[in-house]
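In this text, residue positions in the sequence shown follow numbering that gives the first Met the number 0: the first is 0, and each later residue adds one. Note that the Cβ used here is the ideal one computed from N, Cα and C, for glycine as well. No experiment lies behind these values; they were computed from the predicted model shown. Step one of this worksheet: look at the structure below.
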Amino acid sequence: MKRIWLHKGAISTGIAIGLMLVLVTWLASLDGGSRSSYVHFYYIPIVAASYLLGDLGGIVAAFAAALLAALLSVQMGTRETPTDMAVRGLLFYFVGLMTSRLFNKLQERREDAASLLEVSRSVNASLRVTEVLRTITETAVGITAARASSIRLLNRRRDELTAAASYGLSLDYLAKGPVLLAESPIDREIVAGRAVAILDVGEDPRFRYRDEARAEGLVSLFSLPLRRRGETFGVLRVYAGSRHQWSRRERRLLQAFADQASIAIHNARLHEDLRRNYWETVNALARAIEAKDPHTLGHSERVTDYALQFGRALDFGADELETLRFAATLHDVGKIGLTEASLSRSGHLDMTDEVVLRMHPLIGITILQPVEFLAPALDAVRYHHERWDGTGYPQGLARKGIPLQARVLAVANVYDNLRTAAPGRAGLSVQDAARELRRAAGRELDPDLTDIFLRDVAGEPGTKPGPKGSDH
């Protein structure tokens, strides 16, 4: 534990404690010397020194108090035996030492609580299982003297622990082979709910991959079960690079961390199940709308596929890709207001249907707005029919005034329309669709994004490289 003893403030603190000892000695001298009740006030500077200066400070203060009390006895002529002085000195020493140790324990617990609070914040910062698992393994190394960490999740059907995340381990070690419960007595213990510590995995016959561990530089292991509602669903392993006796504090801290991690993993799984259900519902809604016209059936799925490939080419993150996926799937949801005859008509629409068609992005927003988790996708749905030259709808936005995801979606949407047959028109080949898409670049579509789409998604040969990962 860090003490003021280690800092410049130790001198002033020591002086203050010395003055307190002198003050107590003076008060005792006014009241009969070492047998005065004021002698008990020596405990105050002893406790203060133990708290502020640690073991050494407490011991020095206790020795000084015992010495001053003895000198006081001699000065005042109080009859005290050497035994009395020794007992008082030992009592002062004991109080100082115990106080320091208790404060150490309290400080240690406070630091552990702060660490666990920070850990809790870290592992709960994301609701994506892969990110949560990665954060857990990294944090497990950070809160101990470990070199590496890994998480394996239990596949009960195969009775196997499968690698899910790791930190500090090489790909070669992770690919060392399967971890089957039938072949691993250590893991059977852990799955049964018991933590296992091994001083040297290279010498323990219960550890199957001893040679691989030596080659990786792994020595000591502490492994804990990840449990939820009394059932083990995974294993957290923490490795040290040298022989390491896992202390009670480390075990306690890692056990509390494993409990926090289990809750975080469970919550992330529930969240992903919920999002999966949302996605299935959204996809069913899009299919129901497209079913009104056989020629558009599958359009949203294809646009979604193109858009996601495009998003990956632009180095979109996981959240951006998910937003793009929802937007692409639901970009035509506003067409629910069009009649089947209007959807399948190859010629001009009547005025009513023309108005509904141009309003379908806004109708879609009206339908989707009450669904909170779809909020990030609304701009792409609203503006995917805006044009680069400003002649689109519903607001006539132009160039980079159109949100990036809407421009991405527009390219994917136009490309699928070109490739797909419609009433009175056959679908174009890849080459012809790419040619038409290039003609639309700079008028209807963002030219830089079009270049990237043709190169990385449509696979048009000879396209120039475009910038990635920025708002073009």
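Query, Result
"Three-state secondary structure assigned by DSSP to residue 233", "strand"
"Nearest neighbour of residue 514, chosen from 11, 23, 28, 51 [CA to CA]", "Lying before the first or after the last residue shown, residue 514 is absent from the chain, which here runs from 0 to 471."
"Between the CA atoms of residue 71 and residue 58 - distance to the nearest angstrom", "20 Å"
"Through-space distance from residue 385 to residue 356, alpha-carbon basis", "13 Å"
"Residue environment, residue 204, which counts as buried when at least 16 other CB atoms sit within 10 Å", "exposed"
"Where residue 252 falls, given that 16 or more other Cβ within 10 Å makes a residue buried", "buried"
"Every unbroken alpha helix (DSSP H) within the segment 240-322, with a cutoff of 4 residues, ordered by chain", "247-289, 298-312"
"Ordered list of alpha helix (DSSP H) runs contained in the segment 157-236, each at least 4 residues", "170-173, 184-190, 209-215"
"C-alpha distance - residue 196 paired with residue 181, whole-angstrom precision", "20 Å"
"Buried or exposed by the 16-neighbour rule on C-beta atoms within 10 Å, applied to residue 245", "buried"
"Meets three-Cβ-pair contact criterion under 8 Å: the segment 416-424 and the segment 263-278", "no"
"DSSP state of residue 392 mapped onto helix, strand, coil", "coil"
"Residues that residue 238 bridges to, as DSSP identifies them", "147, 220"
"Residues near residue 194 in its chain [Cβ-Cβ closer than 6 Å; skip 5 each side]", "223"
"Proximal residues to residue 50 (C-beta, below 6 Å), its chain only, five neighbours per side dropped", "102"
"For residue 425 and residue 299, the rounded distance between their alpha carbons", "19 Å"
"Cα-Cα separation, residue 402 to residue 285", "23 Å"
"Enclosing alpha helix (DSSP H) for residue 141 [first to last residue]", "128-141"
"Backbone secondary structure at residue 454 - three-state DSSP", "helix"
"Any 3 or more C-beta pairs closer than 8 Å across the segment 132-146 and the segment 170-181", "no"
"Nearest-angstrom Cβ-Cβ length linking residue 379 and residue 361, presumed shorter than 8 Å", "Not confirmed; about 14 Å, so no contact."
"The segment 382-400 in contact with the segment 439-457 per 3-pair CB rule at 8 Å", "yes"
"Local conformation of residue 440 per DSSP, three classes", "strand"
"Residue span of the alpha helix (DSSP H) that contains residue 418, given as start and end", "403-418"
"Three CB pairs or more closer than 8 Å across the segment 321-334 and the segment 256-270", "no"
"Proximity below 8 Å, CB of residue 264 to CB of residue 131", "yes"
"For residue 152, the residue or residues it bridges with in DSSP", "161, 233"
"Spatial distance of residue 335 from residue 288 (CA atoms)", "6 Å"
"Residue nearest to residue 15 in terms of C-alpha spacing, selected from 66, 52, 214, 308", "52"
"Paired residues, beta bridge with residue 424 - DSSP", "421"
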